[in-house]
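Visitor: Please see the structure below; I have some questions.
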Ligand code: DMJ
């Protein structure tokens with residue numbers, strides 16, 4: 001292991017050559033064990049690895065080829081409708097569209113992936129296309145963060161590999177830094193965003209008009225996310241060092257300095273959003289996922305790339321706080337920055353899956369293995385990582401936009417441990433992508449991991465990151481045409497050469513705060529971790545960490561606020577938990593009163609809780625009351641979601657779809673309940689009249705089929721009766737509102753007509769216009785279109801997985817039919833799962849406190865506690881244990897480690913509680929409005 005700046009790494013154990021990414025002045029603490037593993041999971045043969053690597057190449061070709069053929073020069077491919085996504089031509093999806101700048105985003109984001117995947121010729125073509133076609137001067141408002149990581153990063157990654165290839169002497173001989181010139185042009189376009197007193201950038205900028213001018217249509221924002229302001233330094237510093245124009249690195253450093261200044265001084269944590277003018281934290285919850293993630297990543301990687309110790313000092317300070325408060329192995333749970341022992345959520349988001357990879361880079365392997373294992377079990381349960389999942393591993397937000405973070409962590413863990421287990425994990429990821437996300441025209445994001453339905457979306461990061469990490473996972477050194485260890489991955493997996501650390505260094509210290517010297521750095525880990533400690537001569541080290549977590553997801557018990565209970569281990573009675581509360585229990589009412597919580601019976605039978613901290617018996621009771629109210633709001637919002645019917649799936653099973661296209665559908669409150677019965681399969685036919693509001697004039701056409709009916713002009717139930725009378729076996733109502741889509745409108749359930757609807761026996765589903773037109777287009781093109789109506793998509797035909805066209809249409813249809821009918825035996829299992837995770841809307845609805853300070857309403861049915869949830873927690877074996885016993889067994893209190901928190905014994909003045917209290921409520925209200 002090379003030493004850097006006198007900071008050497010520990011001595012290696014035999015057989016595991018330590019591996020480092022080494023910048024001239026910076027050592028990166030990553031150990032690698034690429035030699036053959038001798039125990040634990042079965043080693044994977046070179047042939048099998050090559051087979052999987054080839055599969056990744058084929059999948060990339062399918063994604064990239066379809067983008068280039070059907071979408072380019074648009075920013076992204078819409079894989080269900082097989083066309084380009086052009087901003088302004090599609091209904092707005094809100095913030096997520098801010099990544100689209102009409103600059104052929106997917107092509108630029110894919111540039112360096114082409115070289116990693118050994119597609120040098122295609123890279124050369126792609127660079128020519130970028131130079132010929134891409135315009136960076138469009139009148140479009142884009143996200144500064146996304147444009148930086150995807151476009152600036154993409155151009156710089158492309159440039160880095162272009163010069164590498166040119167130097168090798170075969171390819172890119174004509175290249176004359178053109179991509180770098182484009183990057184510089186884009187860099188200058190982003191600079192006006194930094195025109196704030198804080199130096200934090202505005203979140204958006206108009207590529208043509210900049211900011212603030214009337215034509216710019218942006219510049220009035222006051223807030224940005226921490227990751228948005230703190231994820232610039234790698235690209236901006238690389239741009240400065242490549243070009244000699246120091247301004248970019250200076251601006252990015254200034255933004256980082258400001259964030260560091262604003263960290264919460266006692267917890268050393270940062271919030272999720274910050275006011276770019278005042279520097280006040282707007283959201284004071286703090287985690288390692290959405291909104292903050294890559295800020296931490298860039299501190300550590302800036303140290304690696306730039307060799308500047310101050311970045312490592314900052315990273316280590318934050319990391320210490322993360323491990324103290326947020327890390328609750330194997331979970332990573334958001335907390336409040338002012339009260340870091342108080343969890344801010346009972347769910348986690350998918351973006352945090354990058355964190356084990358970062359921990360590997362830091363050299364902290366154990367928690368990386370633990371969290372990764374937990375995430376893998378969630379994936380095994382749902383095929384993909386849902387956008388958010390609860391601490392008892394139920395789906396919270398059901399989408400999955402083919403995010404690469406888990407593949408990234410898998411790659412880094414394999415590099416660090418050499419454990420073939422991680423190759424098997426990668427193999428599962430490949431299988432799931434092909435089985436559930438692959439559609440004839442690319443790969444489609446999952447709209448809902450529970451139903452298996454798709455969204456017409458293939459984000460550019462799928463090509464920039466997913467294929468890169470999966471390919472590298474299975475590649476041996478000789479499979480890549482350059483040395484990957486000479487580069488660092490940006491957050492979008494773009495490659496920047498480590499030699500930049502010694503180029504144009506003179507700018508590195510300008511405009512930085514001098515505060516680091518004041519820090520107590522005695523605890524800093526200046527040396528790379530000793531591999532003997534990481535792998536204490538035990539080839540089964542990683543396995544031994546995973547083993548106790550084997551069943552942590554399946555056998556989980558609700559948790560998330562356990563730490564509060566743990567802090568009462570000393571014998572004091574644990575506080576009243578929201579889930580245990582019963583409005584009829586006098587003892588509970590007494591506790592409520594002590595906590596300053598009053599209970600109001602509303603006219604409609606619901607009960608409202610209101611807290612006035614000032615009326616609490618003591619400051620401790622006031623804090624208990626605050627926590628109780630927060631729990632109650634979250635519980636109530638969760639229960640509201642669970643009372644809704646789950647979405648359903650319409651799966652097109654006939655040629656050429658073969659079950660690969662799955663549309664998300666709204667259920668009906670009447671007719672056959674697909675979650676309780678076998679799915680319904682049949683060919684589709686349009687009803688006449690199309691609105692289905694009177695007796696059908698074409699009963700022969702719909703008899704024994706699934707009738708398509710247009711929404712409007714009469715009740716849903718009336719339509720259902722008319723098609724049922726005509727002999728239809730099911731119905732699909734298609735929205736009459738042209739252009740509507742489940743991507744942009746919340747799905748809903750079709751209500752009955754207020755009368756008895758027991759006479760309706762057939763299943764009825766609702767499709768928005770865009771999803772409906774996929775079926776209507778298919779009829780136009782293929783005439784015979786067969787669909788499956790179900791609560792969860794059934795397995796695709798495995799025979800079809802690797803073929804685009806069937807050898808014989810009939811054979812394929814038969815195979816498809818067999819597959820689907822055999823999979824129907826699984827319905828019962830599916831039933832269990834979906835009834836446990838039922839929610840129609842995947843975004844949470846937050847309860848806003850009425851006109852009172854802090855209020856939550858619960859309906860009478862919600863007042864009883866769930867006995868299965870009572871007093872349970874999860875141990876590392878995933879078994880449920882009695883919390884009371886645990887509380888007795890444990891003697892230490894956690895408050896020792898946290899001087900700010902007065903749980904249990906210490907008394908905090910009521911004034912200070914009241915001051916913090918309003919902030920907490922604000923933070924809580926914002927908490928659920930997360931944007932991923
Ligand atoms: C990518 O664009 C980047 O990894 C970013 O940092 C956050 N996540 C997306 C993909 O999920």
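Numbering (the UniProt record's numbering), first residue to last: 1 to 932.
Glycine included, each C-beta is placed from N, C-alpha and C at the ideal position.
Here the structure is a predicted model, which is why all the values come from computation and not from measurement.
Please give the ranges of any beta strand (DSSP E) in the stretch 414 to 499, keeping only runs that are unbroken, at least 3 residues long and fully inside the region.
Guide: 445 to 448, 453 to 455, 487 to 489, 495 to 497
Visitor: Between the stretch 400 to 407 and the stretch 459 to 476, do three or more beta carbon pairs fall short of 8 Å?
Guide: Cβ pair count under 8 Å is three or more, so yes.
Visitor: Under the DSSP definition of a beta bridge, which residues are partnered with residue 273?
Guide: By 1-based counting over the chain shown, the position of residue 273 is 273. 225, 283, per the DSSP bridge assignment.
Visitor: Taking C-beta to C-beta, are residue 553 and residue 393 nearer than 8 Å?
Guide: If you number the chain shown from 1, residue 553 lands on position 553. If you number the chain shown from 1, residue 393 lands on position 393. Residue 393 sits close to residue 553, with the two beta carbons spaced by under 8 Å.
Visitor: Between which two residues does the alpha helix (DSSP H) harbouring residue 182 extend?
Guide: Sequence index remark: in the chain shown, residue 182 carries index 182 (1-based). From DSSP, the alpha helix (DSSP H) with residue 182 extends over 178 to 190.
Visitor: Our contact map puts residue 228 next to residue 272 with C-beta atoms below 8 Å; I'd like the distance itself, whole angstroms only.
Guide: Taking the chain shown and counting its residues from 1, the one referred to as residue 228 is at position 228. Taking the chain shown and counting its residues from 1, the one referred to as residue 272 is at position 272. 10 Å between Cβ atoms; not a contact.
Visitor: Below 7 Å, is the gap between the Cβ of residue 403 and the nearest heavy atom of ligand 1?
Guide: The count along the chain shown starts at 1 and reaches residue 403 at position 403. For ligand 1, at least one heavy atom lies less than 7 Å from the Cβ of residue 403.
Visitor: Taking the alpha-carbon positions, what's the residue 765 to residue 748 distance?
Guide: Residue mapping note: residue 765 aligns to position 765 of the chain shown, counting from 1. Residue mapping note: residue 748 aligns to position 748 of the chain shown, counting from 1. Taking the straight line joining both Cα atoms gives about 10 Å.
Visitor: Would you call the stretch 443 to 458 and the stretch 42 to 50 in contact, with 3 or more CB pairs under 8 Å?
Guide: no
Visitor: By DSSP's criteria, residue 786 is part of a beta bridge. Which residues make up the other side?
Guide: By 1-based counting over the chain shown, the position of residue 786 is 786. Residue 786 is bridged to 683.
Visitor: Does DSSP classify residue 328 as helix, strand or coil?
Guide: Your numbering for residue 328 matches position 328 in the chain shown. It is a strand residue.
Visitor: By Cβ distance below 7 Å, which residues in the same chain neighbour residue 166 in space, the five residues on each side in sequence not counted?
Guide: Here residue 166 is taken as the residue at index 166 of the chain shown, counted from 1. These residues qualify, in order along the chain: 172, 173, 175.
Visitor: Check each candidate in 584, 626, 255 and name the one with the smallest Cα separation from residue 594.
Guide: Within the chain shown, the letter at position 594 stands for residue 594. When only C-alpha atoms are compared, the closest one is 626.
Visitor: Three-state secondary structure (DSSP) at residue 109?
Guide: The sequence position of residue 109 within the chain shown is 109, counting from 1. Reduced to three states, the DSSP call for residue 109 is helix.
Visitor: Taking 7 Å as the cut-off, does the CB of residue 351 come closer than this to any heavy atom belonging to ligand 1?
Guide: Position 351 of the chain shown, counting from 1, holds the residue named residue 351. Yes, ligand 1 has a heavy atom inside 7 Å of this Cβ.
Visitor: Hey, how far is the Cα of residue 892 from the Cα of residue 544?
Guide: Sequence index remark: in the chain shown, residue 892 carries index 892 (1-based). Sequence index remark: in the chain shown, residue 544 carries index 544 (1-based). Unreliable positioning characterises residue 892 in this predicted model, as indicated by a pLDDT of 31, which lies under 50. The coordinate reading is nonetheless provided below. Using only the alpha carbons, I get a separation of about 27 Å.
Visitor: Please go through the same chain and pick out, in chain order, the residues whose beta-carbon is closer than 6 Å to the beta-carbon of residue 459, but skip the five residues on each side of it.
Guide: Locating residue 459 in the chain shown gives position 459, where the first residue counts as 1. Here the set comprises 401.
Visitor: By the three-class DSSP mapping on this structure, what secondary structure does residue 347 have?
Guide: Within the chain shown, numbered from 1, the residue matching residue 347 stands at position 347. Assignment of residue 347 by DSSP, reduced to helix, strand and coil, places it in the strand class.
Visitor: Work out the CA separation of residue 633 and residue 257 for me, nearest whole Å.
Guide: Sequence index remark: in the chain shown, residue 257 carries index 257 (1-based). Sequence index remark: in the chain shown, residue 633 carries index 633 (1-based). In a straight line, the C-alpha of residue 257 is about 36 Å away from that of residue 633.
Visitor: Just reading off the beta strand (DSSP E) that residue 59 is part of, what are its end residues?
Guide: Working through the chain shown from its first residue, we reach residue 59 at position 59. First-last for residue 59: 46 to 66, but that is the alpha helix (DSSP H), not the beta strand (DSSP E).
Visitor: Between the C-alpha atoms of residue 608 and residue 286, what's the straight-line distance to the nearest angstrom?
Guide: Looking up residue 608 in the chain shown gives position 608. Looking up residue 286 in the chain shown gives position 286. Taking the straight line from one Cα to the other gives about 29 Å.
Visitor: Where does residue 600 land, buried or exposed, given buried means 16+ other C-beta within 10 angstroms?
Guide: Sequence index remark: in the chain shown, residue 600 carries index 600 (1-based). Classification of residue 600: exposed, given that the 10 Å Cβ count is below 16.
Visitor: Starting from residue 338, follow the alpha helix (DSSP H) in both directions and report where the run begins and ends.
Guide: Here residue 338 refers to the residue found at position 338 when the chain shown is read from its first residue. Segment: none, residue 338 is in no alpha helix (DSSP H) and carries neither H nor E.
Visitor: Who pairs with residue 600 in a beta bridge, going by DSSP?
Guide: Taking the first residue of the chain shown as 1, we reach residue 600 at position 600. Its beta-bridge partners are 608.
Visitor: Once the 5 residues before and after residue 114 are set aside, which same chain residues still bring their CB inside 7 Å of it?
Guide: As a first step, residue 114 must be located in the chain shown, where it is residue number 114. Contacts found: 122, 123, 126.
Visitor: Where residue 60 and residue 111 are concerned, what is the direct C-alpha to C-alpha distance, given to the nearest angstrom?
Guide: Locating residue 60 in the chain shown gives position 60, counting from the first residue. Locating residue 111 in the chain shown gives position 111, counting from the first residue. Taking the Cα positions, residue 60 is about 12 Å away from residue 111.
Visitor: How about residue 293: is its Cβ closer than 7 Å to a heavy atom in ligand 1?
Guide: Here residue 293 refers to the residue found at position 293 when the chain shown is read from its first residue. Result yes, Cβ under 7 Å from ligand 1.
Visitor: Out of curiosity, what's the CA-to-CA distance linking residue 782 and residue 672?
Guide: By 1-based counting over the chain shown, the position of residue 782 is 782. By 1-based counting over the chain shown, the position of residue 672 is 672. Each residue's alpha carbon lies about 28 Å from the other.
Visitor: Could you name the residues that DSSP lists as bridge partners for residue 299?
Guide: Counting from one through the chain shown, the residue named residue 299 turns up at place 299. Answer by DSSP bridge pairing: none, since residue 299 is not bridged.
Visitor: With contact counted as at least three CB pairs below 8 Å, one residue from each stretch, are the stretch 154 to 162 and the stretch 191 to 198 in contact?
Guide: The stretch 191 to 198 and the stretch 154 to 162 do not touch, with fewer than three beta-carbon pairs separated by less than 8 Å.
Visitor: Is the stretch 486 to 505 touching the stretch 88 to 103, taking contact as three or more C-beta pairs under 8 Å?
Guide: no
Visitor: Where do the ends of the alpha helix (DSSP H) carrying residue 260 lie?
Guide: Taking the first residue of the chain shown as 1, we reach residue 260 at position 260. Segment 247 to 262, the alpha helix (DSSP H) holding residue 260.
Visitor: Is residue 441 closer than 8 Å to residue 118 when the C-beta atoms are compared?
Guide: Position 118 of the chain shown, counted from the first residue, corresponds to residue 118. Position 441 of the chain shown, counted from the first residue, corresponds to residue 441. No. Outside cutoff.
Visitor: Under the DSSP definition of a beta bridge, which residues are partnered with residue 206?
Guide: Residue 206 sits at position 206 when you count from the first residue of the chain shown. 141, 210, per the DSSP bridge assignment.
Visitor: Would you say the beta carbon of residue 491 is closer than 7 Å to some non-hydrogen atom of ligand 3?
Guide: With respect to small molecules bound, the structure shown includes ligand 1 and not ligand 3.
Visitor: To the nearest angstrom, how far is it from the Cα of residue 677 to the Cα of residue 486?
Guide: To locate residue 677, count along the chain shown from 1; it is residue 677. To locate residue 486, count along the chain shown from 1; it is residue 486. In a straight line, the C-alpha of residue 677 is about 57 Å away from that of residue 486.
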